[in-house]
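*Asks:*
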Amino acid sequence: MSRATATATEALRQQLLLNALWHDGADPALQGWLREGRAAQGLAAYRANAGAIAERALRVAYPTLATLVGEASFAALARDLWQQNPPQCGDLGEWGAALPALIAANTALAPEPYLPDSARLDWLVHQAARAADGPNTPAALEGLGAQSPQHLQLALRPGSALLASAWPVASLWSAHQQPVGEDRFAGVRAAIAAAVGEQAFVYRSGHAVRVAALAPPAAAFTAAVLAGRSLADALDDAGEDFAFEPWLVQALQGGWLLGTHAIPA
């Protein structure tokens, strides 16, 4: 059997095993793999513990949300997602993107309208943590002086993402990173009561994931950079109130910026 065939066969076996977790009867094509009693017993045990497995996997991806809603509610959300939107591959680290939509549709959680965006931010942080490592030092930025802004793109570190929210989700996330034992949520509670929105920027700084609240002009510029627009277009999107030099210094100090790319004329 060739390596490609073996890989395809293993992928098929994993998909059939995943399907078997959500249904009482295994696919006939899977029966050959389940002839041994241990395999069948293992599948039954895995199915019986599916709720606990789902909860553990989601707690890794959604630590802020898990704290906000409490243990019992989070466990119920995990079971609901497991049933409604089950994993499609064996790596449970890739599962869970649909949880914010599930929360938004949950009428019992409607009195806390910031929860869906808080969950979205948790997921972006989780994705950034799993992103490929970029270079330890940014590439040379000579292009900033050598190329016209119309023919230049800025490249941000893998995992960088921006979330525009009507709620102070960046401050809420940051408060959960502070030491326990002090009133770390006082400012956040006031911001939630006033419905203060934030533009939450997620980025990698070395191996750590950070979240920063960007002012609207800086957020508009960053969104354009993430979309692959030219430096000239990004500056236009940011508007007259945007100052490029402070953004560049912050991006270099924070490790957001990898370098520049020339756009072919």
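Quick note: the sequence shown uses our numbering, first residue 6, plus one each step.
Heads up, the beta-carbon is just placed ideally off N, CA and C, and yes, glycines get one too.
1) To the nearest angstrom, how far is it from the Cα of LEU177 to the Cα of PHE190?
2) For ALA243 and GLY192, what's the separation of their Cα atoms in angstroms?
3) Please classify SER235: is it buried, with 16 or more other beta-carbons within 10 angstroms of its beta-carbon, or exposed?
4) In chain order, what residues of the same chain lie with their CB nearer than 7 angstroms to the CB of ALA124, ignoring the 5 residues before and after it?
5) Quick check: the Cα distance between PRO121 and GLY150, rounded to an integer number of angstroms?
6) Based on the DSSP output, what are the partners of SER170 in its beta bridges?
7) Who are the Cβ neighbours of LEU63 in its own chain at under 6 angstroms, not counting the five residues just before and after it?
8) In angstroms with no decimal places, state the Cα-to-Cα distance between HIS266 and GLN155.
9) Among the candidates GLN255, LEU257, PRO222 and ASN90, whose CA atom is the shortest distance from the CA of LEU240?
10) Starting from ARG84 and walking both ways along the alpha helix (DSSP H), at which residues does that stretch end?
*Replies:* Per the coordinate set shown:
1) 8 angstroms
2) 28 angstroms
3) buried
4) TYR67, LEU70, LEU104, PRO105 and ILE108
5) 42 angstroms
6) GLU203
7) Counting only Cβ-Cβ distances below 6 angstroms, and skipping sequence neighbours, we find ALA83 and GLY101.
8) 11 angstroms
9) PRO222
10) 76-89
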